[in-house]
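Trainee:
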Ligand code: C2E
Ligand code: MG
Ligand code: MG
Ligand code: MG
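Numbering (the UniProt record's numbering), first residue to last: 12 to 301.
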């Protein structure tokens, strides 16, 4: 399992503030080496259709295999990579590696789509449209197999971001809003951005059976999505009860540990049938089957 860097660095540090500051510097230095030395790899988490149980895509999630620290979680370094603009070369690597994997699978007769998380820095401080066009060209992947996931920390009023998204959309790349409901001005996104999918944040899914407000929020997001002709995906599904609730309320797709943790490309391919079976075994009821 993954390491939380805070624990490593707190040993021997004199004050909390110092250690956090030093950590950021150390992580930045190590991130630069990681880029040069190719220490990143991707895990893939299946995304399933809740009516058919079929795999509809995978989300690519970055991991860092540090020579001394071991496997480092993106929670520990994506923020620093964003602050230092290192997210630009790292993000390019992710796009390339993910598209190449999907193309490799295609060459073996396995067709699925991939979602890649993007940071706003990649829109502002790099030409993300050109990068994506180049990656698609080099890997030979057709654009409609690629989806980009943006969080609501992306400011919708940035004209440049909107126009980049429009260009991606024109290429036939899909666009998804990640962690929907947790950022600010959620609803203005729906008006300003050319999106295809909403991903319900896992914090709402987690408490579905303990908190009636979360039930209401999840139902509301599903109906907003459907009224706007968007697809809706639930993140962080961990239990059968959550799955059944989502199916009953006609959520289109889901991801979560209940089906599968993120895993290597090889593991995913090897376990695919089992993962798809889980939806079939646990939840497809007659009224959601049609
Ligand atoms: P995210 O895009 O919202 O991804 C979902 C996170 O939830 C992943 O954590 C995933 O492993 C985890 N997860 C999935 N199912 C479950 C579940 O059932 N229960 C629980 N508790 N967690 C679940 P991960 O891989 O640690 O990634 C964390 C975040 O780091 C991602 O959140 C995303 O915002 C960011 N990230 C990951 N890879 C990249 C990347 O390549 N580029 C950028 N810019 N950000 C990335
Ligand atoms: Mg995501
Ligand atoms: Mg998310
Ligand atoms: Mg997240």
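Built from N, CA and C at the ideal position, the CB exists for glycine as well.
1. Quick one: Cα of residue 264 to Cα of residue 40, how far?
2. Identify every residue that forms a DSSP beta bridge with residue 204.
3. How many whole angstroms separate the CB atoms of residue 271 and residue 57, which I take to be in contact at a CB cut-off of 8 Å?
4. Taking 6 Å as the cut-off, does the CB of residue 105 come closer than this to any heavy atom belonging to ligand 1?
5. When the Cα atoms are used, what is the spatial distance from residue 193 to residue 212?
6. Closer than 6 Å to a non-hydrogen atom of ligand 3 - does that hold for the CB of residue 246?
7. Residue range of the alpha helix (DSSP H) that residue 127 falls in?
8. Going straight from the alpha carbon of residue 281 to that of residue 218, what length do you get?
9. Taking the Cβ atom as the reference point for each residue, do residue 216 and residue 236 lie within a distance shorter than 7 Å?
10. Thinking C-beta only, is residue 59 closer than 7 Å to residue 290?
11. Does the contact criterion of 3 or more C-beta pairs under 8 Å hold for the stretch 132 to 140 versus the stretch 87 to 107?
12. Are there 16 or more other CB atoms within 10 angstroms of the CB of residue 93, so buried, or fewer, so exposed?
13. Considering only the alpha carbon of each residue, which of 156, 285 and 257 lies closest to residue 182?
14. Within the structure, which residues are defined as neighbours of ligand 2 by a Cβ-heavy atom distance below 6 Å, reported in chain order?
15. Could you spell out where the alpha helix (DSSP H) holding residue 104 opens and where it closes?
16. Within its chain, find whatever has a CB closer than 8 Å to the CB of residue 20; leave out the 5 residues flanking it on each side and keep chain order.
17. Contact defined as beta carbons within less than 8 Å: I believe residue 234 pairs with residue 208. What is the distance between those atoms, to the nearest angstrom?
18. Could you spell out where the beta strand (DSSP E) holding residue 267 opens and where it closes?
19. In this structure, how does DSSP classify residue 79 when only helix, strand and coil are distinguished?
20. List the endpoints of the continuous beta strand (DSSP E) containing residue 157.
21. Buried or exposed, going by whether 16 or more other CB atoms sit within 10 Å of the CB of residue 54?
22. Who are the near neighbours of residue 129 in its chain, counting only those whose CB is closer than 8 Å to its CB and skipping five residues on each side?
23. Considering only C-alpha positions, which residue in the set 173, 250, 88 and 149 is nearest to residue 108?
24. Please tell me whether residue 188 and residue 173 are closer than 7 Å, where the distance is taken between their beta carbons.
Mentor: A quick look at the data gives this:
1. A direct Cα-Cα distance of roughly 39 Å separates residue 264 from residue 40.
2. DSSP, once it has assigned bridges, lists no residue as partnering residue 204.
3. Contact between residue 271 and residue 57 holds, with the beta-carbon distance rounding to 5 Å and staying under 8 Å.
4. Yes, the beta carbon of residue 105 sits closer than 6 Å to at least one heavy atom of ligand 1.
5. Between the alpha carbons of residue 193 and residue 212 lies a gap of roughly 7 Å.
6. Yes, ligand 3 has a heavy atom inside 6 Å of this Cβ.
7. Unbroken run through residue 127 is the beta strand (DSSP E), 124 to 129; no alpha helix (DSSP H).
8. Looking at the backbone, the Cα of residue 281 and that of residue 218 are separated by about 32 Å.
9. No, these two residues do not count as a Cβ contact at 7 Å.
10. Cβ atoms of residue 290 and residue 59: closer than 7 Å.
11. Short answer: they touch.
12. Burial state of residue 93 is buried, judged by a 10 Å Cβ sphere holding 16 or more other Cβ atoms.
13. Comparing Cα positions, the closest option is 156.
14. Applying a distance threshold of 6 Å between residue Cβ atoms and the heavy atoms of ligand 2 selects 70, 128, 160 and 189, given in chain order.
15. Per DSSP, the continuous alpha helix (DSSP H) segment holding residue 104 begins and ends at 98 to 118.
16. For residue 20, the predicted model reports a pLDDT of 42, less than 50, meaning its position is unreliable and no value from the coordinates is stated.
17. Your pair residue 234 and residue 208 does not check out as a contact, with CB atoms roughly 15 Å apart and the cut at 8 Å.
18. That residue, residue 267, is in no beta strand (DSSP E); it is neither H nor E in DSSP.
19. DSSP places residue 79 in the coil class of the three-state scheme, outside both helix and strand.
20. Taken as a continuous stretch (DSSP letters only), the beta strand (DSSP E) holding residue 157 covers 157 to 162.
21. A buried status is given to residue 54, since no fewer than 16 other beta-carbon atoms sit within 10 Å of its beta-carbon.
22. If we look at residue 129 and ignore the five residues flanking it on each side, its Cβ neighbours are 102, 139, 159, 160 and 161.
23. Per the Cα distances, 149.
24. Not in contact: residue 188 and residue 173 (Cβ atoms no closer than 7 Å).
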